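Written below as structure tokens is the structure these notes are about.
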Amino acid sequence: MSIRIQADEKVSRALSEAFPTSNVERALKKYITTLEELITRSVVNGRTPEQNKLNLYSLSLHTLSNKGGQIGRDKIRLHKWLEQNKLSLVIAVERGNNLTHKLSQVKLSPLVTITFGNIAQCGSTNSATAQLSSSSNAGRSLVERTYPELETMNSEVELCEIFDLTPINIKSLKAYIDWLKTKPKHLTEEKRLTDLTQAAHILNIATELGGIYLQRRKPSDFGRTYYEGISAQSVRKQLRQAMYGGCWEYDIRSAVISWKLGMGSALARTINPDAKPDALFRNSIYFIDNKPAIVNEICLLTFRKDDNVNEDLQKRIVKQAITAISFGAREQQSGWLKNGSWQNPALVDIIKNPTHRRRFRTCAPIRGFIQEQKLIDQLIYAYAVKEIPSLLNSPRLRTESGRISKPLVIAFLYQHFETWAMDVVKKMVASNGRKVVASIHDAVILDRKLGAELKATIELEMREQTGIPYWHLEGKELEPYLSVSAEVVQHEQAHKRRIREEEQLATRYAIEKAALQAQFSVEQPATDFGRPTPASTVNYPYDIHTWSVENGTAEHPQACFRQAS
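Each number in this note's numbering comes from the position in the sequence shown (counting from 1) with 964 added on.
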């Protein structure tokens, strides 16, 4: 299984005392197996950032109670008995119900130890591979539970109607798992465990399916294609790099801003043929053309040296905030109550420090950018009202109060244009002998690099077909993770240890040498010319011209002594 759960001995001991004639081991095993399946399903379906942070899982307590088995002559539900005797393996943080169609939010109790599947339990990838190959039945069981549709499918055509098949670099993924198990310092424990769980699941599935991972498509009414559960879209970029090591990723540079700028420029010219987009939207154009420079400038205006925010985090915060503004994030600082929970504006969630947020909002580049984005939003919304009135009747684009949501209308239009542009990319890539390995909204992962000429041709086709002249593709190679054998690691550690010892010896030698020199040295008085006078002549009543004679500079070398005046 992808997830293993072990209960404290206290639980089995209490059950044995309460039900001495029952097969406690079998009953508890059935309950734990059911819990493992539900936890695995929760992980596979994807957890929210809040769930990851609080170690919560979404599952049906009703299913756990019904399928968890019974015990004793009276057929007591084991789940109920554990709750009544304060031995619960799960703690309900928020209970779901049929009315809200929500699952319960639970966390594991202190009586539970969880490990993340076959791969995560192994000491090395070699033993992981051996364990997988020796327990292929367990692997197939995981595949069957994750993809129950496979039992009724007879061809790859049927498979592709529901799933996107994506090849995985198993060697790179194993190396990434090995690296995660070293507990890297720059990764929080929460992120490390999340990546380890997801990577183990992907590796188990891909190993059983010959290097292929299945992503179940989940089309959105807004135009995008999402995937259910763990996918290339839902994992962190480091894990995605491990999955597709050796491939090339191409994404649209500043996709949202580029689209809005293209739409705004065209609509402004429609209203006024003499309109000059370069002047109207100069901050937005500058951001697209000089993104690294403008991000650095905003970071300098938002953060100070004594704020203790590292440079990478500064850039990440600023980029997220700019993206939020381009999607219509509110400038207001106060939150609101929604369905019993407090909601903050996007900028408040992204820039949590009020001082940093104030500096960000009031700096000149952002003030100009916000004003331009508001103007573009007005132009696009007016276009939608006039040219696509049927769109405004869609309940998907309305708030809970029934009003039309301008940000939802703009997001709807953008995602359709984004899908259109990426379809052009994928079609042209395929027709030129490249293979699309995975799709991530405004990005694609290809099996190899695009040539400069082909890339320029694809960009031109994107612009011509969608009418957005600012589309531009940026590519980067996804370098695979490489495994380092235990022998090499030991050799490196031994080498570093020898270097440290030699440095310590050198330092000790330098200190001892300095002490000896200080002990035996004689102070050398200097002459008026800054030249050292031999110690043997000190306090002599004669002016000895030793220095000039020895250096051949005395006019009369025979006159070695002269009565001191």
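Backbone N, C-alpha and C define an ideal beta-carbon position, used for all residues, glycine too.
What you are looking at is a predicted structure, and each value in this text was computed from that prediction instead of being measured.
Is it right to say residue i is buried, meaning 16 or more other beta carbons lie within 10 angstroms of its own, or is it exposed?
{"i": "A1243", "result": "exposed"}
{"i": "P984", "result": "exposed"}
{"i": "T1130", "result": "buried"}
{"i": "L992", "result": "buried"}
{"i": "D1341", "result": "buried"}
{"i": "T1152", "result": "exposed"}
{"i": "N1357", "result": "exposed"}
{"i": "A1458", "result": "exposed"}
{"i": "H1065", "result": "exposed"}
{"i": "R1204", "result": "buried"}
{"i": "H1043", "result": "buried"}
{"i": "N1118", "result": "exposed"}
{"i": "R977", "result": "exposed"}
{"i": "P1148", "result": "exposed"}
{"i": "A971", "result": "buried"}
{"i": "P1444", "result": "buried"}
{"i": "H1320", "result": "buried"}
Which of helix, strand or coil does DSSP assign to residue i?
{"i": "L1277", "result": "helix"}
{"i": "D1271", "result": "helix"}
{"i": "W1435", "result": "coil"}
{"i": "I1394", "result": "Position check: residue 1394 holds Ala in this sequence, whereas Ile was assumed. Looking at A1394 - three-state DSSP - the assignment turns out to be helix."}
{"i": "A1230", "result": "helix"}
{"i": "E1364", "result": "coil"}
{"i": "S1024", "result": "coil"}
{"i": "Q1342", "result": "helix"}
{"i": "Q1307", "result": "strand"}
{"i": "I1352", "result": "coil"}
{"i": "K1240", "result": "coil"}
{"i": "F1333", "result": "helix"}
{"i": "L1123", "result": "helix"}
{"i": "V984", "result": "The question names Val, yet the displayed sequence has Pro at residue 984. Three-state result, P984: coil."}
{"i": "S1369", "result": "coil"}
{"i": "Y1473", "result": "helix"}
{"i": "K1316", "result": "coil"}
{"i": "S1006", "result": "helix"}
{"i": "K1283", "result": "helix"}
{"i": "C1263", "result": "helix"}
{"i": "I996", "result": "helix"}
{"i": "N1049", "result": "coil"}
{"i": "T1012", "result": "coil"}
{"i": "F1484", "result": "helix"}
{"i": "Y1414", "result": "Rather than Tyr, the amino acid found at residue 1414 in this sequence is Leu. In this structure, L1414 counts as coil in the three-state DSSP scheme."}
Less than 8 Å between the CB atoms is what I'm expecting for residue i and residue j, so what's the real figure, rounded?
{"i": "T1430", "j": "A1385", "result": "5 Å"}
{"i": "V1389", "j": "V1408", "result": "6 Å"}
{"i": "L1410", "j": "C1124", "result": "Contact flag wrong, Cβ pair sits at about 19 Å."}
{"i": "Y1214", "j": "L1414", "result": "7 Å"}
{"i": "I996", "j": "Y1021", "result": "About 15 Å; that fails the 8 Å criterion."}
{"i": "W1435", "j": "S1248", "result": "Actually they do not touch by this definition, with Cβ atoms about 15 Å apart."}
{"i": "I1368", "j": "R1360", "result": "Not really, about 11 Å apart at Cβ, beyond 8 Å."}
{"i": "S1218", "j": "I1166", "result": "Actually they are not in contact, since the Cβ atoms of S1218 and I1166 sit about 30 Å apart, beyond 8 Å."}
{"i": "V1259", "j": "K1224", "result": "No, V1259 and K1224 are not in contact; Cβ-Cβ is about 18 Å, not under 8 Å."}
Going by DSSP, what residues sit across from residue i in a beta bridge?
{"i": "A971", "result": "V1076"}
{"i": "E1441", "result": "W1212"}
{"i": "Q1034", "result": "R1041"}
{"i": "I1055", "result": "K1071"}
{"i": "L1408", "result": "Sequence check: residue 1408 is Val here, not Leu. Bridge partners of V1408: Y1214 and S1403."}
{"i": "K1066", "result": "N1061"}
Any heavy atom of the ligand FMN closer than 7 Å to the beta-carbon of residue i?
{"i": "E1000", "result": "With respect to the ligand FMN, the structure shown offers nothing to examine, as it has no ligands at all."}
Distance cutoff 8 Å, beta carbons only. Does residue i sit that close to anything in chain C?
{"i": "Y1250", "result": "No chain C appears in the structure shown, which is made up of a single protein chain."}
Original post:
In the stretch 1128–1214, which residue ranges form an unbroken alpha helix (DSSP H) of at least 4 residues, counting only runs that do not cross its ends?
Top reply: 1134–1144, 1153–1172 and 1201–1207
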